[in-house]
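Quick notes on the structure that follows.
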Amino acid sequence: MEYQQIFSACIQAHQTNLDIDSLTSFCYEVKRRDKKGRKISNLGGWQSGNIKKNPHPEFVKLLSEIQIAANAYHNKLQFKKEYVQKLNNIWININGKGHSNEYHIHAKTTISGCFYLSDSNFPIRFKHPYEEISPYYWHEEFIETFTTFNCGQWSITPKKNSLIMFPPWLYHKVVMNEEDTDRISMAFNLMCERRK
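In short: position in the sequence shown from 1, add 1, done, that's the working numbering.
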């Protein structure tokens, strides 16, 4: 038998070797300077504004890692070579116990991603683009083992120093943090621009 996987949602993941202690201190310092933050998809927790121009040395290294990963993802998705990915915005998320992010997408961008500064037992969850797949067609009682072919949702459990990239049109949420420690991440978006 031959099987073709069509209409795929490609998620890229890799580990970095950044100084997490330095980046964590940086995140709390940004929060100290802007206690109010902003509310977008977060239910509780704190979210910064766009920090892409911040000169913190370890943060600048993270931006470099994001660009390298974005270039690889750009190539994997077979985007044209005359275009490059350029960081549009990046922000900090600090979710304490009981905090989460509701399902959302990142509109008007090309690639979205997230960098994790802490381990967590509570995943980022992606929803199948056709959200009725599970309740109306392939109910969980029919499934022996969930795979990327048959699931209605797919979860990735964050690991410290990991960087993931995904299509911005893929609905995703952050499951409620039930731990006593903060879950810290930086989310970002990139846009296609014609190479100069």
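Ideal Cβ positions, reconstructed from N, Cα and C, are used throughout, including at glycine. The structure presented is a predicted model; accordingly, all values stated were derived computationally and were not measured.
First through last residue of the beta strand (DSSP E) which encompasses Y84: As a working mapping, residue 84 is identified with position 83 in the sequence shown. Where Y84 is concerned, the enclosing beta strand (DSSP E) stretches over 84-96.
Own chain partners of E132 with C-beta closer than 8 angstroms, once the 5 adjacent residues on each side are dropped: The count along the sequence shown starts at 1 and reaches residue 132 at position 131. Apart from sequence neighbours up to five positions away, the residues of its chain that approach E132 with a beta-carbon distance below 8 angstroms are G153, Y172, ordered along the chain.
Taking C-alpha atoms, which residue in V61, R33, L191, V31 lies nearest to N89? Position 88 of the sequence shown holds residue 89. If we check each option's Cα against that of N89, L191 comes out closest.
Could you tell me which whole alpha helix (DSSP H) segments of length 4 or greater appear in the region 17-64? 21-34
Distance, C11 Cα to F27 Cα: Mapped onto the sequence shown, residue 27 falls at position 26. Mapped onto the sequence shown, residue 11 falls at position 10. Distance between F27 and C11, taken at the CA atoms: about 31 angstroms.
Can you tell me which of N102, F143, Q79 puts its alpha carbon nearest to the alpha carbon of G45? Walking along the sequence shown from the start, residue 45 turns up at place 44. The option with the nearest alpha carbon to G45 is N102.
Considering only residues of the same chain and omitting the five flanking positions on each side of Y138, which have a CB-CB separation below 8 angstroms? On the sequence shown, residue 138 is found 137 positions in, with the first residue counted as 1. If we look at Y138 and ignore the five residues flanking it on each side, it has no Cβ neighbours.
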